[in-house]
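Quick note: the sequence shown, position 16, residue 17 per our numbering, numbers continuous.
Below: one structure, written as structure tokens.
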Amino acid sequence: MRNRRVITPFRKSSYSGPTQNECVEVATTADGGRAVRDSKDPARGTAYFGPHAWQALLSHIRAARAPREGAPPHS
Numbered sequence: 002m003r004n005r006r007v008i009t010p011f012r013k014s015s016y017s018g019p020t021q022n023e024c025v026e027v028a029t030t031a032d033g034g035r036a037v038r039d040s041k042d043p044a045r046g047t048a049y050f051g052p053h054a055w056q057a058l059l060s061h062i063r064a065a066r067a068p069r070e071g072a073p074p075h076s
């Protein structure tokens with residue numbers, strides 16, 4: 002069974018931008034995973050990712066952000 006107990010304070014992404022209107026907060030859980038919630042409405046709920054699922058999510062995001070050969074640069 003995963004231990005979803007949050008052991009660090011939630012923190013906002015450095016990518017949240019100046020208005021911080023569209024942001025998530027992330028905290029570490031006792032099992033080494035992450036808890037993710039909406040920074041505008043934290044009471045709405047929290048998504049939990051085990052350590053392997055968190056790493057898979059980050060890998061997917063990085064791959065999606067990486068420039069593709071022949072593609073125009075991100076604006």
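Just so it is clear, CB atoms sit at the ideal spot from N, CA and C, and this is done for glycine as well.
When K13, G34, R63 are compared, the shortest CA-CA separation from V25 is found for K13. For A31, the CB contacts under 6 Å within the same chain, skipping 5 residues up- and downstream, are N4, R6, I8 in chain order. Here the C-alpha atom of A36 lies approximately 25 Å from the C-alpha atom of A67.
If you draw a straight line from the Cα of R63 to the Cα of W55, it is about 12 Å long. Within the stretch 42-69, complete beta strand (DSSP E) segments of at least 3 residues are found at 47-50, given in chain order.
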